[in-house]
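Protein chains in written order, with the working numbering: chain A, 13 to 163; chain B, 606 to 690. Every residue gets a Cβ at the ideal spot worked out from N, C-alpha and C, and that includes glycine. Given the structure is predicted, the values throughout are model-derived calculations rather than measurements.
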C-alpha cells in the first residue's frame with residue numbers, strides 16, 4: 013500500500029516538475045521574443061544610402077571628414093571607440109570583465125552619442141550610421157571576424 | 606638589510622604599475638547617458654539613476670530632479686524628451 017502511495021507521489025512530483033519545466037520554457041521563449049521585438053522596433057526605417065559603412069574604420073573616417081562634429085568631440089569619440097575596441101579585444105581573448113550584452117549596451121550608447129551629433133547636421137553620415145548599426149555590431153561580436161580585423 | 610627589504614619596497618611600485626581595474630559597466634553607461642542629456646534645457650546635471658526599458662530606450666533621472674526618456678527611433682534619430690510614464 014505504501015509502495016503504491018510512493019509511486020503516486022513520485023508520479024505527481026514528476027508531473028509537477030514537467031509542468032514547471034514547460035512553464036519555464038514558455039516564459040523564456042516569450043522573453044526571447046520580446047527581446048527580439050525590441051531589436052526590430054528601432055532602426056527599421058533607416059534612410060536609403062548610396063555608400064554603406066562596412067566597418068568601424070569607415071565610420072571613424074566619416075566622422076573625421078564630417079563638419080557636424082567639433083574637433084574636441086572627434087578626439088573624445090575616437091578615444092571612446094578605441095576603449096570599446098580594447099574591451100572587446102579583452103572579451104574575445106577570454107577576459108570576462110564585461111558580458112557580451114554589456115558590451116553591446118556600451119556599443120549602442122556610443123552609437124547613440126554619435127547619431128545625436130550627426131542627425132541634424134550630417135544627414136548622409138547619419139543615414140549611413142543608422143544602416144551600419146546592426147551589421148557593425150554583428151562584426152564586433154563575432155570572435156573570428158573581430159580577430160581577423162583587429163589582431 | 607636593504608637587500609631583504611627590497612622586495613617589500615618593490616611591491617607597492619609593482620602595484621602602482623598594474624593596469625587599472627576596468628570600470629563597472631553602470632559607470633560607463635551613466636557616463637554615456639550624461640553625454641546624451643548634457644545639452645538638455647533645463648539642465649540635467651549628472652545622471653543620478655537610469656532604467657533600461659528596451660535595447661535603445663532609457664529612463665534617466667537627473668541630479669536636478671528632472672526625468673528624461675532617451676530613445677532611438679526607427680529612423681535612427683535619438684530623442685531626449687521629458688519622461689511621461
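- One thing to note: residue 54 of chain A has its Cβ within 8 Å of the Cβ of residue 678 of chain B.
- Boundaries of the beta strand (DSSP E) harbouring residue 663 of chain B: 662-667, taken from the DSSP string.
- Listed along chain A are 125, each with a C-beta nearer than 8 Å to that of residue 640 of chain B.
- Boundaries of the beta strand (DSSP E) harbouring residue 654 of chain B: 652-659, taken from the DSSP string.
- By the Cβ test, the segment 126-139 of chain A is in contact with the segment 67-82 of chain A, since at least three Cβ pairs between them sit closer than 8 Å.
- For residue 631 of chain B, the enclosing alpha helix (DSSP H) covers residues 630-642.
- Interface annotation, residue 145 of chain A: in contact with chain B, CB-CB separation under 8 Å.
- Cβ proximity to chain B below 7 Å picks out 109, 110, 114, 117, 118, 120, 121, 122, 124, 125, 127, 128 and 131 from the segment 100-132 of chain A.
- Straight-line spacing of the CA atoms in residue 102 of chain A and residue 669 of chain B works out to 37 Å.
- Using a Cβ-Cβ cut-off of 8 Å, residue 653 of chain B does not count as an interface residue toward chain A, since no Cβ of chain A sits closer than that to its own.
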